[in-house]
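Chains as they are written, first to last, in this note's numbering: chain L, 1 to 181; chain Z, 182 to 404. These notes are about the structure you will find just below.
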Amino acid sequence: MTENHNHENHSSEKPLGKREMSRRQFLSYTLGGTGGFLAAGLTIPMIRFAIDPVLQPKQEADWVKVVEEAKITDEPKSFKFQVHQVDGWYESDPELEAWISKDAGGKIFALNPTCKHLGCTVNWNGSAKFKDEYYCPCHEAHYTKDGKSLAVAPLPLDEYKVKIENGFVYLGQLGPNTRVK
Amino acid sequence: MLKSVYNWIDERLDITPMWRDVADHEVPEHVNPAHHFSAFVYCFGGLTFFITVMQILSGMFLTMYYVPDIINAYKSVDYLQHKVAFGVIVRGMHHWGASLVIVMMFLHTLRVFFTGSYKAPREMNWVVGMLIFFVMLGLGFTGYLLPWDNKAYFATQVGIKIAASAPFVGEYVKTFLQGGEIVGAQTLTRFFALHVFFLPAGLLGLLGAHFYMIRKQGISGPL
Numbered sequence: 001m002t003e004n005h006n007h008e009n010h011s012s013e014k015p016l017g018k019r020e021m022s023r024r025q026f027l028s029y030t031l032g033g034t035g036g037f038l039a040a041g042l043t044i045p046m047i048r049f050a051i052d053p054v055l056q057p058k059q060e061a062d063w064v065k066v067v068e069e070a071k072i073t074d075e076p077k078s079f080k081f082q083v084h085q086v087d088g089w090y091e092s093d094p095e096l097e098a099w100i101s102k103d104a105g106g107k108i109f110a111l112n113p114t115c116k117h118l119g120c121t122v123n124w125n126g127s128a129k130f131k132d133e134y135y136c137p138c139h140e141a142h143y144t145k146d147g148k149s150l151a152v153a154p155l156p157l158d159e160y161k162v163k164i165e166n167g168f169v170y171l172g173q174l175g176p177n178t179r180v181k
Numbered sequence: 182m183l184k185s186v187y188n189w190i191d192e193r194l195d196i197t198p199m200w201r202d203v204a205d206h207e208v209p210e211h212v213n214p215a216h217h218f219s220a221f222v223y224c225f226g227g228l229t230f231f232i233t234v235m236q237i238l239s240g241m242f243l244t245m246y247y248v249p250d251i252i253n254a255y256k257s258v259d260y261l262q263h264k265v266a267f268g269v270i271v272r273g274m275h276h277w278g279a280s281l282v283i284v285m286m287f288l289h290t291l292r293v294f295f296t297g298s299y300k301a302p303r304e305m306n307w308v309v310g311m312l313i314f315f316v317m318l319g320l321g322f323t324g325y326l327l328p329w330d331n332k333a334y335f336a337t338q339v340g341i342k343i344a345a346s347a348p349f350v351g352e353y354v355k356t357f358l359q360g361g362e363i364v365g366a367q368t369l370t371r372f373f374a375l376h377v378f379f380l381p382a383g384l385l386g387l388l389g390a391h392f393y394m395i396r397k398q399g400i401s402g403p404l
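Below you can see the structure in the form of structure tokens.
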């Protein structure tokens with residue numbers, strides 16, 4: 001750097017041109033760069049470590065065999081089933097519930113009984129006041145057989161993916177209701 | 182951009198004198214490795230502090246996954262090391278750093294001893310340094326148990342027996358450390374609390390005193 005400078009100008013007294021760098025600037029860039037590199041090398045692994053859960057891909061739930069197809073009627077019935085849950089280093093098999101029924105066209109569908117208002121558990125015909133509806137005891141939210149909200153709750157009941165195989169009903173990933181809005 | 186942000190704050194709070202007071206101080210020639218290469222021995226204290234900062238940082242991140250419980254401690258360590266991205270590096274930093282900090286601290290102590298830097302008026306700083314040494318050993322001892330594997334368990338078993346052999350107070354120290362009749366559930370939570378709250382708090386206080394005295398008394402003269 002200094003060599004070129006002297007070669008062209010034969011003087012080191014000349015004030016620095018626009019594109020040249022002072023010794024102080026050069027040193028602070030080099031030291032800052034090296035320091036920044038070291039600091040980054042130390043902190044990046046830790047930050048990546050901390051945000052790992054955010055970067056994990058969302059996993060689709062496994063299919064779970066729940067009940068024989070023949071047992072499903074037009075009237076919704078509650079079925080319990082176990083899913084295998086891996087939570088970090090802790091594995092468990094929590095029991096979930098689904099209300100399964102056939103629609104007018106004979107198609108089988110399964111709803112999750114968690115109320116979309118504040119998360120209490122709804123029941124089919126849970127109240128004499130609301131005949132043939134899902135009813136939530138907490139704030140009287142009620143839903144049609146398709147899960148459509150009729151009062152209180154802002155959204156319809158969530159729906160499980162359903163698959164029929166060899167005469168058995170399998171339930172999969174839980175998601176927003178696809179039958180009604 | 183950065184400069185104008187800094188200036189904006191500086192105009193209002195006058196922060197320049199604050200960091201100048203901390204960062205801008207003369208380093209005498211006899212401790213500057215650029216003048217005499219052998220002066221690198223004067224870096225050991227700073228390196229000990231640097232590794233201590235690393236230990237605190239990596240330890241903070243490790244507690245995002247670790248649980249101090251006899252059922253889950255080993256599983257959580259296994260999980261954070263093998264399943265979480267960079268877990269092996271973060272735990273590795275804490276694992277190797279723990280040994281390195283003891284080594285660096287020992288070298289720093291040797292430098293202070295052989296340059297006679299502990300002599301008047303710096304005796305108090307020597308004493309504080311010794312206290313730091315024991316707190317560091319305590320951090321090493323308590324941290325060793327946390328993975329809750331066989332090595333951790335039996336090292337603690339032995340360590341507590343050594344403590345128990347002290348005359349008069351031994352049994353009390355043993356019960357205090359164990360928190361119960363055996364090395365078990367209560368020992369693990371207790372060691373965790375000591376390792377992440379009590380000892381680091383003591384360490385930070387002592388380090389503050391250590392650095393304050395260096396600044397107040399200056400670096401000891403050449404040999």
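Glycine is no exception: its CB is placed at the ideal position from the N, C-alpha and C atoms. Keep in mind it's a predicted model, so treat the numbers as computed, not measured.
Asked, Found
"Burial state of M46/L (16 or more Cβ within 10 Å)", "buried"
"Any non-hydrogen atom of the ligand SAH closer than 6 Å to S149/L Cβ", "Ligands are entirely absent from the displayed structure, and the ligand SAH is therefore not among its contents."
"Within chain L, partners of I256/Z - CB distance below 7 Å", "It is Lys, not Ile, that sits at residue 256/Z in the sequence shown. What K256/Z touches in chain L: W89."
"Burial state of K116/L, where buried means 16 or more other Cβ atoms lie within 10 Å", "buried"
"Endpoints, alpha helix (DSSP H) assigned at I341/Z", "331 to 345"
"According to DSSP, residues forming a beta bridge with H142/L", "Y135/L, A151/L"
"Cβ of V377/Z within 7 Å of any chain L Cβ", "no"
"7 Å Cβ cutoff, A50/L in contact with chain Z", "yes"
"Three or more C-beta pairs below 8 Å linking the segment 166 to 178 of chain L and the segment 59 to 66 of chain L", "yes"
"Proximity of Y135/L and L157/L at Cβ, strictly below 7 Å", "no"
"Members of the segment 261 to 294 of chain Z near chain L, C-beta cut-off 7 Å", "V265, A266, F267, G268, I270, V271"
"P45/L: contacting residues in chain Z (beta-carbon distance under 7 Å)", "F267, I270, V271"
"Cβ of M199/Z within 7 Å of any chain C Cβ", "Within the model displayed, chain C is absent; protein chains L and Z are what it includes."
"Uninterrupted beta strand (DSSP E) stretches inside the segment 59 to 121 of chain L (no shorter than 3 residues)", "64 to 68, 77 to 82, 85 to 87, 90 to 92, 95 to 102, 108 to 111"
"Contact check, E95/L vs Q82/L, beta carbons under 7 Å", "yes"
"Cβ of M245/Z within 7 Å of any chain L Cβ", "yes"
"Closest Cα partner of G226/Z within the set Y299/Z, Y393/Z, M285/Z", "M285/Z"
"Continuous beta strand (DSSP E) stretch holding E159/L: start and end", "159 to 165"
"Buried or exposed by the 16-neighbour rule on C-beta atoms within 10 Å, applied to G324/Z", "buried"
"Q367/Z - containing alpha helix (DSSP H), residue span", "366 to 374"
"is_contact[F373/Z, chain L] using C-beta, thresh 7 Å", "no"
"Own chain partners of L174/L with C-beta closer than 6 Å, once the 5 adjacent residues on each side are dropped", "N112, D158, Y160"
"Sheet register partners of G175/L (DSSP bridge)", "E159/L"
"Residue-level contact to chain L via CB, F335/Z, 7 Å cutoff", "no"
"Cβ-based burial, G361/Z [other Cβ within 10 Å; buried from 16]", "exposed"
"Which of helix, strand or coil DSSP assigns to V293/Z", "helix"
"Secondary structure of V169/L, DSSP reduced to three states", "strand"
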